[in-house]
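Note that my numbering has the sequence shown beginning at 610, numbered continuously upward.
The structure under discussion appears below in the form of structure tokens.
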Amino acid sequence: MLAKNRFNILIIPELLPYPPTEGGRLCIFVLIDYLRKFHDIQLLLAAYSKDDTRTIDQLRAEWPEVIIHVAELYTEPAPEKFRQKLKRRVLDSLKSIYYSRKKMGVATDVYSRYDPHFTLPFNPHHRDFISKLVSVLDQTKFDIIQTELTRMLNLVSLFPPASKKIFVQIESKSDILYDYGRSHGFDVNYIEHVAGNTAFIEYAYMAQYDAVFALNDLDARQIREHVPPSVAVYTSPFGLLDKDVAAADFADEKKEHLIFMGGEGHYPNYDGLYWFLSDVLKEIPDKPFKNIYITGNWSVATKAKFSQLSDQVNFIGFVDDLSPYLRSSICIVPIRIGGGGIRTKILSAMAQGSPVIATTLSSVGIKGDHGRELLIADTAENFAQAIIELFAKPPEAQAMARNAYRLLLAEYTQTAVGAKRNGFYQSICNPSAIS
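Okay, here's the thing in structure tokens:
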């Protein structure tokens, strides 16, 4: 058994981990919330607005023993006349960039919904953020320095040699680009050019780390194929907060609806829901459900567009307690664009006894089997048939939900994933310490 040492750990995530209301934030929050009991943890976060600063203050109250450093990367709003002048300059600059990129043939068509730097998310960080990082590193000797999400990979050159350097891959940018190109019918050579370039740079940075944590076995195997043997690669999943995995109520509640969880801000959600509403629903002539509940933030234009595809669409936005919706619904996860990791929406459904129908890509990272813990369908016809079957056979749907809940308890609670991550820390920092 490994001796349990206490380490000084600096964690540098791209996202604010609070509030833990969606996948990326939850992934970061769940593990830090567990590990703060066993290690001395410091965070370096970037604040891009006063709202971010207020959110970080709330996180400090939640985690009083965690030292949180903040790089405030915003200034006070300018007076109105200067704001208007600045706005005009920014718009003119954006137009100039757009037309110059269009003239040069840059791939604005493929990636127009993403951040302009999505295909190359390795530009230098803000100088104030780097100054704050250097200051933090000067103040404390860290046993572990951990970055999370691709944007933070390129900070590794600043880390001291004595610290163990760990990268947590929550999603792969290159995998998202590959999936986007395939699902939208782009030329395979062009896809390889765009996504392959991003992949090359991702793996080149990972090679500078001592260890990489992937969220599932498939991602871990892929990373091992592209980094030198000196980089230890572990499968270290995340799960739900223990308080959110209370005893599920598996009363024989009738499933009358469908539910899709996720907002428009994450493009795979937009793509998957549009595919479902435009293609899958056509394969279900007699709809066995009353509503298609959709959570999260969606623009007015998208709501109008999607509502025209089905009069059963019901945008419910952000809801403090989704359990009544989940317990009366079958959860659909028609995601076609990946990035690896684990889908929080699947875990959340499992915790509330909602049977899950998912694509192969979206179920990667979930150890469940087709027909036992969830149903997997990749074509519009198969996805539609899975919905029809679950509504037609309530006992089978109920049995599948129970199996899924047992899997969740065994593999994806905060305690289970936190203990696994802690064990990896021990192995990385002191591999010979056996008691």
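Each residue gets a CB set at the ideal place from its N, CA and C atoms; glycine is no exception.
For Ala-1010, the enclosing alpha helix (DSSP H) begins and ends at 1003–1020.
Lys-912 is a Cβ neighbour of Phe-924, given a cutoff of 9 Å. Taking C-beta atoms as the reference points, Thr-844 and Ala-823 count as a pair closer than 9 Å. Residue pairing from DSSP places His-866 in a beta bridge opposite Ser-938. For Gly-926, the beta-bridge partners assigned by DSSP are Thr-904.
Using a Cβ distance threshold of 9 Å, Lys-774 and Gln-748 do not count as a contacting pair.
Bounds of the beta strand (DSSP E) holding Thr-756 are 753–757. Residue range 909–918 is occupied by the alpha helix (DSSP H) that includes Val-909, with no beta strand (DSSP E) assigned at that position.
Contact between the segment 651–666 and the segment 897–911 is absent: fewer than 3 CB-CB pairs across the two stretches fall below 8 Å.
Excluding five sequence positions before and after Ala-804, the CB atoms of its chain that fall closer than 7 Å to its own CB belong to Ser-783, Leu-786, Tyr-787 and Gly-790, given in chain order. Taking the Cα positions, Leu-984 is about 7 Å away from Ala-995.
In the assembly as shown, Val-909 is an exposed residue. Its beta-carbon has fewer than 16 other beta-carbons within 10 Å. In the DSSP assignment, Ile-944 falls outside any beta strand (DSSP E) and carries neither an H nor an E.
One Cα belongs to Ala-771, the other to Asp-752, and the distance between them is close to 8 Å. Here the C-alpha atom of Ser-916 lies approximately 30 Å from the C-alpha atom of Val-973. Apart from the 5 residues on each side of it in sequence, Tyr-657 sits with its Cβ closer than 8 Å to the Cβ of Leu-682 and Tyr-683 in its chain, given in chain order. The closest CA to that of Asn-614, considering only Asp-649, Ser-766, Tyr-1014 and Val-1026, is found on Asp-649. Within the model, the alpha-carbon separation for Leu-886 versus Ile-868 is close to 12 Å.
By DSSP's assignment, Glu-681 forms a beta bridge with Ala-656. Spatial neighbours of Pro-629 in its own chain (CB-CB distance under 6 Å, excluding positions within 5 residues in sequence) are listed in chain order as Leu-635 and Phe-638.
Residue state for Gln-961 is assigned as coil, using DSSP reduced to three classes. Counting only residues of its own chain and dropping the five nearest sequence neighbours on each side, Thr-1024 has a CB closer than 8 Å to the CB of Tyr-643 and Asp-851. Secondary structure of Ala-823 (DSSP, three-state): strand. For Tyr-843, the enclosing beta strand (DSSP E) stretches over residues 841–844. Here the alpha carbon of Gly-881 sits roughly 28 Å from the alpha carbon of Arg-1015.
As DSSP reads the structure, Leu-849 sits in a beta bridge with Thr-1022.
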